[in-house]
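Below, the structure is given as C-alpha cells:
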C-alpha cells in the first residue's frame, strides 16, 4: 500500500504535464480551429453522392436511370424518373434525379451498387443552408459533377474506374466491330444489343 | 434615542415577530436569523465586539442552520392548508406573554435608578477576554466544556436511528474485502 | 518614485481623496472607498478568474479554452456577463418568490463582508479588527443560509438535495477550517489578521520569510485549511452541492440569468476570501517570499499569491473526481477534525520547544512535530486503507 | 454437446408430460431448435439450466417471431377414378397454416462454454391465445427481452413479474413488430421536399398544404 | 411523455410512510448518457427503487430492416452503438455470412480484427472517461480519451471514409482494402497508445478518490451476472471467464495470443480496471495482427452486392463487441429482405440488473453504476 | 447615547415575543425558536447592564453572554435532537399531539 495521497499527487503531476505539454507538443493539442483551418479530407472520405458526367453536364451523365440505387438506398432518399421520348419509350437517362441530402446518411451504398460508376461520393461537407426545407434537396443539375472533379477528389478510385470503363468501351467497340464485320459478311443479320443493361 | 439603535431595534423586533407568527416554518427560521443578526449588531453597537461576533458565528452559523435542518428533516417546512399552526390554548399563551411584558415594562419604567449616563466605552481587547476566561472564569469554562461534550454525545445518541443494524449498510462497509 | 511609495500608492491616493473632504464625513467615506475598492477589485478578479479557469482547465484537458472573443479570448468574461444579463430570469411557479430572490444576495453579501478584515497589502486592511479571524468566520457563516434559501425556495427536488448536501458539508467543514487556524492564533497570540501578517515578515538580513507554512504544524495547518476551504467554497473535489453529474446544479438548478451569475460570483468570491485568509495566516500575508524581493509592492505579493492559490484550485478541479456524501462526511469528522486537533497540539509543542537550546534541538523539534502529525494521520486512515487500495487482477 | 435428439429424450424423461418437438432449420450453420409447449416450458427450462451435462445458465438472446397465417398453393397430383379408369389429375391444393407468434430463446452455457440450444415457444394464435410461459424466473436476463417481445409482438408472458411495455410508451396501441402492423394515421405534416412524405400529406389532409 | 406510475411494488423493507423522494433522473440529465430515464425513489439520498425507462430513441430498427435488403441494413447497424460501428458491422456481417455460407478471406479477417480491436480501444477509453466524468472529474480523463479516440477515428476515416458511421464491412469481407500507408499509421497509433494508457493509469487507477468512490460500489455477484445474461467487461469484472473471442473463436481470434483479465469483486472499480487491462490485451492483438496481415483479396468472390438472396433458414451470429455480446438473429425465407432481423443489444441486457446493483446505494453511486454498465442509447432503444 | 431603559424595554418585548411564540405555536421547533428568542433577550440585558453598569472593564457581562451563547447552542442541539427523535417515533412534531409517555398508543 502506498502512502495515502500519492495517487492524487500522481494525478496532479499528470495533469500538470498535460497542461505544460499542450503548449509545446502539437500532438497533445489536437483541436483544429475549424473555420480558419480545416483538415483536408482523406481520399476515401465520403459525404453526399454526386453524379459523374463526361464532357457534357446533362447529356454526358453516366446514369442510365436503372433505379438500382433508388431501390438499395437505405433511407430512401433518391428519387429517379427516367426520360421518355415523345412516344413514351424509356430513354436511358434520368429526367429527374433528386437526392434529399437532409435524409441521406452518407453510406455509399448507392455508389457501390451502381453498375455504371455513375454515382460517386463527394467530399464536400460545408453544405449548411439558411432554408430548412427544399434547399437540401439536390436536383440533377446540382448533383452533376465532372469526371475531372471526381479524379481530383478520389484519384486512386477514379483511375480504377476510368481503366475499367476504358476496358469496357474497348470490349464493346471490339464487339461492335465484330458484329459489324459479321453483319457485313452475311446479309440481313440484326445488330446485337451491345449495351443492354445487365 | 440613537437612530442606529432604533433601526436595529426595529429590525430585531420585526424579525422576532416574523419568527413566531409566520405560517411557513422556513420563513420563521429565516426571520429568526434576521433577529440574531440584529441582536449581534446591537451587541456591536454596545461595544461588545467579541460577543457580537460570537453571536453571529454561533447563532447564525450554527443554531439557525440547525433549526433549518430540523425543519427539513421533520418535513414541517410546507405549511399545509387547514392544519392549525397555533395551539388550542393560544389565547392563554398570548395573555401570559402580554402580562409578562406589562410587568417588565412597568418595572423598568418605575425604576428611576436606571436612568443613568453610560460610562465611557471600555477598551476591552480580545486578549483581555481570553486572559479572563483562562484565569478568573476557568472553572465555569471547564464545566461548560464538560457540558458541551455531554450535550454532543447526548444529541448524537438521541438523533441516532434506533436500529442501526436494520438499515442498509452504506456503500464502503458493504464493499469490504471478503 | 521609490519602492515604498509604490507600495503605499493606494493608501496615499485614498488619503489624498479624503483630505479634500470635511473631517466629519471622512470615516464614512473611507469605508465607502474601501468597499468600492474591494467590490471593484474582486469583481474584476472574478471575471479574470473565470477566464483563467476556463483557459486553465482547457489546457489541462488539452483544449484551447475560450479563444474567440477578443485577442486570446480575453473578452470572454464580458461576453459571459452580457449573456447572463440578457438571459431570461426564470422563476419556477411553485417557488417562494421572496426567498428565491434573496438567496443569491444573501450569499454574495455574506461572502463580501468577510473581505473587510483581509490585509491586501501593507496598511491596506479595510478594518484592522481586533478579532479579525473571528469576524471572518462570523461573516462567512451566513453563506450556508444563502445556499439553503436557494435550495429550499426553488421547490425542486434536485435543489433541495443540493441544499441539504451544501448545509451538511459547510457545517462539517466549518469546524476543521476554524480549528486549523487556531495553531496560528496560538503562536501569534492574536486574532488580528494584520498582526498575524506582520509576524511573518522576513526578519532583517534573513533570506526566507518566516512564513508559518515553513513549520511542520504550519504546513499541516495550511493543508488542512486548504482542504476545508475547498469544501467550504464548494469546489471540486468537494463540489457535491452542485454535483453536476448527479443532481445537475444542486441548489442553483432553478436559477438563471443574473441570479445564477451571482451564485457563481459567490462561489468565486468565497474561494478568493478563503485563499486570502490562507495567505494571511500561513503564506506570509503580503510579504515577499524572499527578503531581496521586498522591492515589489506588498499588494503585488498578496495578489500574486492569491492567483497562485487560484491556480491550485483550478488544478484540483481539473484533476480530481468528486467524493460521495457519506465519504465526505466521514472525511470531515473522522480525519480532518481529529487532525486539526492534533495539529493544535503540534503547534503547542512547537511554540514551547522554541526555547530549547540544546545542540540538535532544531532537528528534534522538527522531528517530534512531524511525527506528531504523520503518525496520527496514518492511524486515522487505517480503516480506509484496509478497505480501499489498488488491486491485482488475474487472467483467465 | 450431446445431440439434440438425446437432449430431447432426456428432457422429456425428466419433465413428465412435456412434449418437445425438434424444429428443423433450413440453414446448416445453426442447429435445429426445440419447441416446447408453454405448459411445460418452465420445467424444461429449469431442467436445461440445472442439468449437470447442459448447464445452460445463460439465455443469450430472447426474441419473438411473427408468423401470420399463410396460404400456400401447391400443385399436387391426385389419382381419381374417372369413368372407371384411374387417372392422375393436377390440382392446386391450398395449404393453410394458422398464424402464431413465437418466442425464441438462444441458450448457452457459460459454465461449460457450450451451446447454443434454441428453445421455442409458440402461441396458439395471434389474437387471443397469446400467452406463453415466462422464463424470467429461470434466466433473469430474459426480463427485458420478454418485456420487449410483449411490447413489440404482444406475446403475454405468464409469470413475468413486471410485464410492461419496454420501448413504446404506456398507452401505445398495437404491437409494431407484427408483420401486419399498420402505422396509425397520426401523420404530422412538415414541409419537406421528400416525395413520399408529400404524397402522404396529400392523402392525409383534405386540401394539400401549400408547400 | 407522461410519467406513468411504475406498477412494480416497492422492494421489501421500504415502508410507504417513510419520507421517500421520487425523482426522475433523466431523460435530460448530464449523466444518463443520452435520453435515458431512471425513475428513482430515494430515502434521503439512498436508492430504494430504481426503474430504468427508455425508448426515447426507439426507431424500430428491426422493423425497418425487415423492409429492406440485407445490404441496406448495414449502414443502420452503424447507428446502433454509434461508438463502435465497426464491431456492429462485423456482427451483422458475421450473421449474414453464416446464413449465406460465405467465406471471408484471410486478409479481410485480419482487417476486421484490426478495426474491431481499435474500436474496442476507443470504446473502453471513452467509457472510462465518461465514467470518471460521472464521478465528477470535470471531463479531464474524457478529454484525454477523446484525444486518442481522434487518432483512431482518423484511421477509420481514411479507411472507410467516415469517422463514426463506417459502414465498412460487407458480406464476405470488407469494402476497401487498406494501404501500406494506412498500416503504417495504424502501427504508429498502436505504438503510441500505451503512453496514453500510462497517463490514464497515473491519473485514475491509484487515485484515492476514484478508489474510494468505486471500490465496493455496485457489486454484481458472479451468479447474478450469469443469470442476468450480463456480458462483456461487466461480466468479466464479476469474475466469469467468458469472452466470445476465446469461446466462439469467431473470425481468426484463435491465431492471436492474448489473455482475458478477470475481476474478483464485481464492483465499479473492477469494471474500470477490466477495461484498462482489456485495452492492453487489445494492443497485443493489434500488434500481432498488424505484423502478420497477409496480402490477398478482401472479399469472397461468391459475395454479391446486387440481388443478394441468402438461403432460407435462421442463424444467430454473435461477436464480442466492446460492450458485450452483440448478436444478430436472422430468419430468412429466401427473399432479398430478411424475414426477421433481431439485434441482441448488450447495453440493453446489461441494464437488466441496474436496479439490483443500485439498491441501497446513494444516488451518486447510481450514476456511476449506470456509467460502469456502459450503455449507448442508440443500441438500447434501437 | 440611548438610555438604558430603552434597551431593557427592547429586551422585554423580545422576551415577550419569545414567550408568546413558545406558548402559542404547536410545532416543537417553533417552541425552540421561542426559547432562543428569550435567551437572546436575556443576553441583550446582560450586555446592556454591562455597558451601563460600573466596572465595565471587568467584562463580566460579556462572559455571561458568552457562556449563555454556548449553553444555548447546546440546548438547541439537544432540543432539536429530541424533536427529530419525536418525529421518528410519531411522524409528527406537534407538541399537543405528543402528549402520551408511551410510544405505541398511536400507529406509526
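Residue numbers (our numbering), protein chains in the order written: chain Z, 370 to 567; chain P, 97 to 274; chain C, 101 to 496; chain V, 6 to 216; chain F, 371 to 752; chain X, 297 to 404. Backbone N, C-alpha and C fix where the C-beta goes; we use that ideal spot for every residue, glycine too.
When the Cα of residue 527/Z is compared with those of 498/Z, 426/Z, 421/Z, which residue comes out closest? 421/Z
Have a look at residue 452/C and residue 469/C and give me their C-alpha separation to the nearest angstrom. 11 Å
Look at residue 294/C and residue 312/C and say whether their C-beta atoms are less than 8 Å apart. no
Specify the secondary structure class of residue 69/V as computed by DSSP and reduced to three states. strand
Could you check what DSSP says for residue 476/C in three-state terms: helix, strand or coil? helix
Check the Cβ of residue 527/F against every Cβ in chain C and list those closer than 7 Å, keeping chain order. Those within 7 Å of residue 527/F in chain C number zero; the least Cβ separation is about 20 Å.
Suppose only complete runs of 4+ residues qualify. What are the alpha helix (DSSP H) ranges in the region 101-151 of chain C, listed by chain order? 103-107, 109-119
I need the straight-line Cα distance from residue 431/C to residue 55/V, nearest angstrom please. 47 Å
So which of 493/Z, 375/Z, 377/Z, 465/Z has the shortest CA-CA distance to residue 415/Z? 493/Z
Among 374/Z, 376/Z, 375/Z, 380/Z, which one has its Cα closest to the Cα of residue 510/F? 380/Z
Any C-beta of chain F sitting closer than 8 Å to the C-beta of residue 216/V? Residue confidence for residue 216/V is low, a pLDDT of 46 falling below 50, so the modelled location carries little weight; the figure read from the coordinates is stated next. By this cut-off, residue 216/V is not an interface position.
For residue 369/C, tell me which candidate among 132/C, 129/C, 120/C, 149/C has the shortest Cα-Cα distance. 149/C
Closest by CA to residue 471/F, which one among 732/F, 699/F, 752/F, 680/F? 680/F
Hey, could you find the ends of the alpha helix (DSSP H) residue 235/C is sitting in? 232-240
Cβ closer than 9 Å: which chain Z residues qualify as neighbours of residue 415/C? 381, 384, 385, 388
Uninterrupted beta strand (DSSP E) stretches inside the region 635-712 of chain F (no shorter than 3 residues): 683-691, 694-702
In chain order, what residues of the same chain lie with their CB nearer than 8 Å to the CB of residue 651/F, ignoring the 5 residues before and after it? 628, 629, 630, 631
Under 8 Å, Cβ to Cβ, is there at least one residue of chain F near residue 213/V? Legend: pLDDT at residue 213/V = 48, less than 50; position of this residue unreliable, no value from coordinates given.
For a contact defined as C-beta to C-beta under 8 Å, what are the partners of residue 751/F on chain V? 172
By alpha-carbon positions, which one of 176/V, 184/V, 170/V, 183/V ends up nearest to residue 422/F? 170/V
Do the region 560-572 of chain F and the region 508-525 of chain F make contact, defined as three or more Cβ pairs closer than 8 Å? yes
Would you mind reading off the limits of the beta strand (DSSP E) that contains residue 515/Z? 513-515
Residues bridged to residue 111/V by DSSP? 66/V, 123/V
What separation, rounded to the nearest whole angstrom, lies between the Cα atoms of residue 613/F and residue 690/F? 7 Å
Rounded separation between residue 431/F and residue 683/F - CA only: 21 Å
What do you reckon, is the C-beta of residue 471/Z under 7 Å from a heavy atom of the ligand GDP? The ligand GDP is not among the ligands present in this structure, which contains no ligands whatsoever.
Rounded to a whole number of angstroms, what is the C-alpha to C-alpha distance between residue 483/F and residue 457/F? 9 Å
Contact criterion: CB-CB distance below 8 Å. Does residue 473/Z meet it with respect to chain F? no
Cβ neighbour criterion (16 or more within 10 Å) applied to residue 256/C: buried
In chain C, what lies closer than 9 Å to residue 585/F by C-beta? 487, 488, 489, 491
Can you find the residues in the same chain that come closer than 6 Å, C-beta to C-beta, to residue 218/C, ignoring five residues on each side of it along the sequence? 376
Alpha-carbon to alpha-carbon, residue 475/C and residue 481/C: 10 Å
Going along the chain, which residues of its own chain have a beta-carbon closer than 8 Å to the beta-carbon of residue 510/Z, five neighbours each way excluded? 426, 427
Is residue 380/F close to chain C? Criterion is C-beta to C-beta, closer than 8 Å. In this prediction, residue 380/F scores a pLDDT of 44, lower than 50, which makes its location untrustworthy; no coordinate-derived value is stated.
What distance in whole Å lies between the Cβ atoms of residue 313/X and residue 300/X, which are believed to be in contact at a cut-off of 8 Å? About 21 Å; that fails the 8 Å criterion.
Quick one: which chain F residues come within Cβ less than 7 Å of residue 414/Z? 527, 531
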